[in-house]
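Enquirer: In the UniProt record's numbering, the protein residues as written are 1 to 372.
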């Protein structure tokens, strides 16, 4: 009910849909409905394979940076994919709006992209069509990214290769154009082109004809990086590691996830939230045993993890509640620290030589000013 066209492809149209009746909480659900023409989908094996592949793969993927498939239906004319709605448009329009993106915002997006790719590799899935148009934004203010359009995706294990010609030319890896066997690292080349476009506002290869584009991508000439854009060494190093034409010399997935610009191991995650919650429980246990110093240390470490996880939440009620949670822990840590002051004053070392034993005592801010 209340359909509004918001996008489309070669044989599909995407609509914004709003449920006819509200849910139990009184809110009407907003979804994206991808409507695929049954006749066109069945016109060729490639088209029908794309439809089947997208449904099959999306049904298995459950990740915060991948568009969620809620359901699919069909009738005599169309196939309908009912999916998560993303109100911020796509990354391509976001880049056009801003001209180019600051490195800090680019890194935030790219770490989310890396998190999705890490999950996809664990599922042995290669996207095969990564491009800004297929990366959706949840909103325009402080968006999260979500990978969409898995029509060309395929299952590729770590050491498995394929040879079918698929993808979008501007973002396709050289080995696909040269009709070589390729593996899942084609997604890393595409990620490099996306990173380049975020930073410089345009892809590394631009030309009016398909033939010249292929010539540029397969060329042995070095890729040019504009010198008028200030860039950190980490970002440039990642670009140069991803945009390597020879797939055997290109960065591997393990290197990509561990690269300092991505640093996926330290990126905010649900596991970090869980670790912080566990530290809070241990802090309460230490406090109950009157081990206040240990309680403060544990609570301080938990707060640091919570602060890093703030960007996991979109602006709204959930993030506001999470901010309040951090504030409560900060205040409690401050109270615990205050209760230690009389003891510290009595036990404080009287000589500078002995002060080293106090060097690691955690410092917790009593008053919280701003959480961004």
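A virtual CB, placed ideally from N, CA and C, is assigned to each residue, including glycine.
(1) Note down the Cα distance separating residue 280 from residue 264, rounded to an integer number of angstroms.
(2) Could you pull the start and end residues of the beta strand (DSSP E) that residue 84 belongs to?
(3) Which residues mark the beginning and the end of the alpha helix (DSSP H) in which residue 120 is found?
(4) By the 10 Å Cβ neighbour count, where 16 or more other Cβ atoms means buried, how is residue 74 classified, buried or exposed?
(5) Skipping 5 residues on each side, what residues in its chain have a beta carbon closer than 6 Å to that of residue 84?
(6) What separation, rounded to the nearest whole angstrom, lies between the Cα atoms of residue 34 and residue 148?
(7) Is it buried or exposed for residue 42, if we count other Cβ within 10 angstroms and need 16 for buried?
(8) Quick test of the definition: if touching needs 3 or more C-beta pairs under 8 Å, does the region 108 to 115 touch the region 154 to 161?
(9) Could you give the C-beta distance for residue 101 and residue 176, rounded to a whole number, given that I count them as a contact under 8 Å?
(10) So the candidates are 203, 145 and 160; which of them puts its Cα closest to the Cα of residue 170?
(11) In or out: residue 367 buried (at least 16 other Cβ within 10 Å) or exposed?
(12) Which residue comes first and which comes last in the alpha helix (DSSP H) that contains residue 37?
(13) What is the rounded straight-line gap between the Cα of residue 11 and the Cα of residue 216?
(14) Start and end of the beta strand (DSSP E) containing residue 147?
(15) How would you call residue 107, buried or exposed, if buried means at least 16 neighbouring beta carbons within 10 angstroms?
Expert: Walking through what the data contain:
(1) 24 Å
(2) Where residue 84 is concerned, the enclosing beta strand (DSSP E) starts and stops at 78 to 84.
(3) 103 to 122
(4) exposed
(5) 67 and 68
(6) 11 Å
(7) With fewer than 16 other Cβ atoms within 10 Å, it is exposed.
(8) no
(9) Not a contact, Cβ separation roughly 27 Å.
(10) If we check each option's Cα against that of residue 170, 203 comes out closest.
(11) Annotation note: pLDDT 35 at residue 367 (below 50); position unreliable, coordinate value reported separately. Counting Cβ neighbours within 10 Å, residue 367 comes out exposed, since fewer than 16 surround it.
(12) Segment 30 to 37 is the beta strand (DSSP E) holding residue 37; no alpha helix (DSSP H) there.
(13) 29 Å
(14) 145 to 147 is the extent of the beta strand (DSSP E) around residue 147.
(15) buried
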